[in-house]
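Visitor: In case it helps, my numbering puts the sequence shown at residues 1379 to 1884. Every residue gets a Cβ at the ideal spot worked out from N, C-alpha and C, and that includes glycine. Predicted model, so just to flag it, every value in this text is computed and none were measured.
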Amino acid sequence: DGAWGPWHPLLLSGLYLLGMFRRRRPGEPPLAKGIIPWLGYALEFRKDTSEFLKRMQRKHGDIFTVLIGGYYFTFVMDPSCFGAIVKESRSKLDFRTFASKLVLQVFGYETIEADHTITHASSTKHLMGDGLTVMTEATMENFKKLMLFNLSSGEEKRVWQEDSLFHYCYNIVFRAGYLTLYGTQPHQGADNKEKANEQDRIHSNQMFHEFRKYDRLFPRLASAMLPSKDKIEAERLKRLFWSMLSVKKSCQKDNISGWISDQNQLLAENGVPEYMRDRFMFMLLWASQGNTGPTAFWLLLYLMKHPEAMKAVKDEVDKVSRENGQEAKPGSPPINVTRDMLNQTPILDSALEETLRLVAAPVLTRAVLEDISLKTGSGTEYTLRKGDRVALFPHMSVQMNPEIHPKPHEFKYDRFINPDGTKKYFYKNGKRLKYFNMPWGAGVSICPGRFFASAEIKMFVFLVLSLYDLELVNREEEIPAIDISRWGFGTMQPVRDVRFRYRLRF
Ligand code: HEM
């Protein structure tokens, strides 16, 4: 078969599958295949997504197609196209093709047609509107259970306690969220209530520690780059979570949230077997707990590093408490933060939004199911090719864009509000932008838990600032760098923790 020379048909089709013969067609964005067949730029992309995309943008402009692990991804950096992408009909751009693969790989859950609708319906009912009031009350109870159980005021209790800020925030926010969503230890009679509370504290803490193990493996697990030793550990943890969060176990809990119980019931009605529902519960734990704690950490850290911001937020918190008849002062009962109170905090809202602008960095992906054309802000039209993926990385293209947010690396707690507390508008090239901060994604795949997430984080910060004086152990300590291996997965984490101390204010 020497006649074929090196071009054996099998080799040709192999190379074809590896994407070697792809050519840029007229009207398509610039194409970068890299030099490694199939993998393309996978390694560089994973190593430091933001750096890689910055380099590509400098070279190719605001829209370009890159080969990453067998898929051609067209990255769109021009925010004026975002609406067209995130709102395009599912028959043309589908976000689930990609999400289902990830969910199977990481959580072992096999998606069904209805589950996205089920999650969004339950979230609309329980994590927004009236349902959110119920959830806010439950969250408050759990925060109290975790933060106030050993409080008794008086001078002798006003000693400084030292801790690591990332661990402290992640631990408490995770546990409060977990108990609120997945339920608490049942008890009979008031006598056993304290015992049940103690059980909740112990159990949620164990849960947190296992969760953090999975959390650390997550980026490499999701990009299929785990060494085999870690793969075994990931597999063990996955099974542990399926079992700890199982539908059977949750039936025995009290106060299980409507968000969890409705989704379980609706999935069952759609024929999803019990063992798959256990896995679904694991996915929900991940989605609901992986970002709130780290966000709370960054928010408190930025406040501690910016005294004028800390003062503004603290003054607002105290003012809202006072106006709601709950002044924080010596001898007063511990504060009870209500949903109403959380609606009266424009400064805290802006500080949270600013934090998310800096540290929330998801990559939003859609599968291109039909050739479609996309018009950029400058009027050029591009074709997106069927079978490709289209992706947005708003952290780089809008959140850190100096044309939209001047001095983007600086934390400005009031960046998102006018002096009168109303929300600010944002512009690029004189045009008002709809998408200027996208921590929650956008369009059909927008985070359905965003209102609950904000409520949890704000409530935590509200409580901490009302209860404690807090400061960094080393005032001069720099804000730690972010761990670049986590680009694309939501809220970033720091490369190291930061020591701080706190003591009761009164
Ligand atoms: C600061 C905290 C949070 C951030 C930054 C965040 C961000 C996101 C992002 C970026 C997505 C994916 C968007 C996409 O792929 O286009 C997402 C999805 C999701 N989030 Fe959140 N989230 C947070 C907290 C929460 C909480 C507290 C819950 C639930 C209680 C939640 C539930 C979900 C669910 C269920 C999905 C998948 C939705 C679907 O299947 O379409 N998230 N979140």
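(1) Measure the alpha-carbon distance for R1536 versus E1611 and round it to whole angstroms.
(2) Hey, which unbroken runs of the alpha helix (DSSP H) at 4 residues or more fall wholly within the region 1672-1705?
(3) Kindly indicate if chain C contains any beta-carbon less than 9 angstroms away from that of R1402.
(4) Quick check: does the Cβ of W1637 come within less than 8 angstroms of any heavy atom belonging to the ligand HEM?
(5) Determine which residues share a DSSP beta bridge with Y1846 and list them.
(6) Counting C-beta neighbours from all protein chains within 10 Å, is the total for D1632 16 or more, i.e. buried, or is it exposed?
(7) Quick one: which unbroken alpha helix (DSSP H) runs of 4-plus residues sit fully inside the region 1437-1471? Chain order, please.
(8) What residues are listed by DSSP as bridge partners for Q1539?
(9) Considering just the uninterrupted stretch of the alpha helix (DSSP H) at K1753, what are its terminal residues?
(10) To the nearest angstrom, how far is the alpha carbon of D1696 from that of S1844?
(11) Using only the alpha-carbon positions, how far apart do D1379 and G1448 sit?
(12) Alpha carbon to alpha carbon, how far is A1674 from G1405?
(13) Could you give the C-beta distance for F1473 and T1743, rounded to a whole number, given that I count them as a contact under 8 angstroms?
(14) Could you spell out the range, first to last residue, of the alpha helix (DSSP H) harbouring L1604?
(15) Compute the Euclidean distance between the alpha carbons of K1616 and V1625, then round it to the nearest angstrom.
(16) For the alpha helix (DSSP H) containing T1743, name the first residue and the last one.
(17) Taking only the alpha-carbon atoms, compute the straight-line gap between D1875 and M1774 and give it to the nearest angstrom.
(18) With A1729 as the anchor, note down where its alpha helix (DSSP H) starts and where it stops.
(19) Measuring only the C-alpha atoms, how far is F1878 from S1542?
(20) Does at least one heavy atom of the ligand HEM sit under 8 angstroms from the Cβ of V1822?
(21) Is the beta carbon of A1729 less than 9 angstroms from the beta carbon of Q1777?
(22) Would you mind reading off the limits of the beta strand (DSSP E) that contains V1650?
(23) DSSP three-state label for D1379, please.
(24) E1515 lies in the alpha helix (DSSP H); which residues open and close that run?
(25) Taking K1806 as the reference, which of T1514, R1400, F1399, D1456 has the closest Cα?
(26) Would you identify the three-state DSSP class for L1762, choosing helix, strand or coil?
(27) Just grab the DSSP bridge partners of D1875 for me.
(28) Thinking C-beta only, is P1872 closer than 9 angstroms to F1544?
(29) Could you tell me which of S1639, E1731, A1600, Y1791 sits nearest to A1477, measuring between CA atoms?
(30) I want to check one thing, is the minimum distance from the CB of E1466 to the heavy atoms of the ligand NAP below 8 angstroms?
(31) Should A1859 be labelled buried (16 or more other beta-carbon atoms within 10 Å of its own) or exposed?
(32) Relative to the C-alpha of L1421, which residue among S1863, M1719, Y1592, G1868 is closest?
(33) Candidates R1403, L1882, E1576, Q1435: which alpha carbon is nearest G1709's?
(34) Could you tell me the distance, in whole angstroms, from the CA atom of D1727 to the CA atom of E1429?
(35) Is T1489 helix, strand or coil when you go by DSSP?
(36) By how many angstroms is the C-alpha of A1574 removed from the C-alpha of I1638?
Guide: Quick look at the numbers:
(1) So the alpha carbons of these two residues sit roughly 42 angstroms apart.
(2) With a minimum length of 4 residues, the continuous alpha helix (DSSP H) runs that stay inside the region 1672-1705 are 1685-1701.
(3) Considering every chain present, this structure includes no chain C. It has just one protein chain.
(4) Result yes, Cβ under 8 angstroms from the ligand HEM.
(5) Residue pairing by DSSP places Y1846 opposite L1882 in a beta bridge.
(6) Under the 10 Å beta carbon count, D1632 is surrounded by fewer than 16 other beta carbons and is classified as exposed.
(7) Correct list: 1460-1465.
(8) Per DSSP, Y1880.
(9) Annotation: K1753 is outside any alpha helix (DSSP H); the continuous beta strand (DSSP E) that includes it extends over 1750-1753.
(10) Near 7 angstroms, if we compare the C-alpha coordinates of S1844 and D1696.
(11) Low per-residue confidence applies at D1379: pLDDT is 45, beneath 50, and the placement is therefore not dependable enough to give any value.
(12) CA-CA distance, A1674 to G1405, rounds to 44 angstroms.
(13) Contact check for F1473 and T1743: beta-carbon distance about 7 angstroms, within the 8 angstroms limit, so the pair qualifies.
(14) Premise fails: L1604 is in no alpha helix (DSSP H) and is neither H nor E.
(15) Annotation: K1616 to V1625 spans about 15 angstroms, alpha carbon to alpha carbon.
(16) Run containing T1743: none in the alpha helix (DSSP H); it sits in the beta strand (DSSP E), 1742-1746.
(17) Their Cα atoms are separated by approximately 25 angstroms.
(18) Here the alpha helix (DSSP H) through A1729 covers 1724-1737.
(19) Going by the C-alpha atoms only, they are around 6 angstroms apart.
(20) Yes; taking the cut-off as 8 angstroms, the Cβ of V1822 has a heavy atom of the ligand HEM nearer than that.
(21) No, the pair does not count as a contact, with Cβ atoms beyond the cut-off.
(22) Careful: V1650 lies outside any beta strand (DSSP E) and carries neither H nor E.
(23) At D1379 the pLDDT is 45, less than 50, meaning the model places this residue with poor confidence and gives no usable figure here.
(24) Per DSSP, E1515 is one residue of the alpha helix (DSSP H) stretching across 1507-1525.
(25) Closest option to K1806, Cα to Cα, is D1456.
(26) The three-state secondary structure of L1762, taken from DSSP, is strand.
(27) For D1875, which the question treats as bridged, DSSP gives no partner whatsoever.
(28) Between F1544 and P1872, the CB-CB gap stays under 9 angstroms.
(29) Ranking S1639, E1731, A1600, Y1791 by Cα distance to A1477 puts A1600 first.
(30) You won't find the ligand NAP in this model; what it holds is the ligand HEM.
(31) It counts as exposed.
(32) Ranking S1863, M1719, Y1592, G1868 by Cα distance to L1421 puts S1863 first.
(33) Among R1403, L1882, E1576, Q1435, the Cα nearest to that of G1709 belongs to L1882.
(34) One C-alpha to the other measures close to 30 angstroms.
(35) T1489: coil per DSSP, three-state reduction.
(36) If you take the alpha carbons of I1638 and A1574, they lie about 21 angstroms apart.
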